[in-house]
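**Student:**
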Amino acid sequence: MCTVTPCPGCAFSSLRLETLSPQSDPPETDRMVDWTSPHALNIQADAFQKLNHALAGLYFWEFLTSLDFDWAFLSDKKKLHWPMIPYFLNRYLLLFALITIPEE
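Below, the structure written as structure tokens:
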């Protein structure tokens with residue numbers, strides 16, 4: 066197993082490879098993450114919030130750009146067939162779910 070460590074004389078310009086023997090202890094940076102620590106939970110919550118905002122923005126854009134399709138059914142320009150019922154249920158339930166996800 067090889068690790069990359071900076072040379073003592075320079076900060077970032079050159080690197081040297083050190084080979085670890087199988088009997089040696091792993092470096093201190095190879096510890097497992099405590100996923101229940103407050104720091105890790107805050108990082109996960111922040112990532113979830115950013116992902117949620119990005120996906121909600123994409124969905125709201127798609128929702129607004131296809132409202133004319135919904136209006137065609139409401140104004141009887143298109144006939145409502147049975148496959149459109151799950152389509153509309155999923156469309157509006159996802160909209161309400163994205164709106165009601167709590168912010169922290």
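Using the numbering used here, the letters of the sequence shown correspond one by one to residues 66 to 169.
Built from N, CA and C at the ideal position, the CB exists for glycine as well.
Only a predicted model underlies this, so the values are computations on that prediction, with no experimental measurement involved.
1) Between Gln114, Trp100, Phe128, Ala105, which has its C-alpha nearest Asn155's C-alpha?
2) What is the residue span of the alpha helix (DSSP H) that Thr165 lies within?
3) DSSP three-state label for Lys143, please.
4) Quick check: what's the CA-CA separation for Cys67 versus Val98?
5) Whose C-beta lies closer than 6 Å to the C-beta of Leu159 among residues of the same chain, with five residues either side of it excluded?
6) For the alpha helix (DSSP H) containing Pro126, list its first residue and its last residue.
7) So, using beta-carbon positions, are Phe125 and Leu163 closer together than 9 Å?
8) Distance, Cα to Cα, Lys143 vs Asp135?
**Tutor:** With the structure as the only source:
1) Indexing the sequence shown from 1 puts residue 155 at position 90. Comparing Cα positions, the closest option is Phe128.
2) Start at 1 with the first residue of the sequence shown, and residue 165 comes out as number 100. Where Thr165 is concerned, the enclosing alpha helix (DSSP H) stretches over 149–165.
3) What you label residue 143 is simply residue 78 of the sequence shown in a count that begins at 1. In the structure shown, Lys143 sits in coil (DSSP, three-state: anything other than H, G, I, E or B).
4) The sequence position of residue 67 within the sequence shown is 2, counting from 1. The sequence position of residue 98 within the sequence shown is 33, counting from 1. Its pLDDT being 48, under 50, Cys67 is placed unreliably by the model, and nothing is read from it.
5) Residue mapping note: residue 159 aligns to position 94 of the sequence shown, counting from 1. Counting only Cβ-Cβ distances below 6 Å, and skipping sequence neighbours, we find nothing.
6) Position 61 of the sequence shown holds residue 126. The amino acid at residue 126 is misidentified as Pro; the sequence shows Trp. Counting along the chain, the alpha helix (DSSP H) containing Trp126 begins and ends at 103–130.
7) Taking the first residue of the sequence shown as 1, we reach residue 125 at position 60. Taking the first residue of the sequence shown as 1, we reach residue 163 at position 98. Closer than 9 Å, so yes.
8) Within the sequence shown, numbered from 1, the residue matching residue 143 stands at position 78. Within the sequence shown, numbered from 1, the residue matching residue 135 stands at position 70. Each residue's alpha carbon lies about 9 Å from the other.
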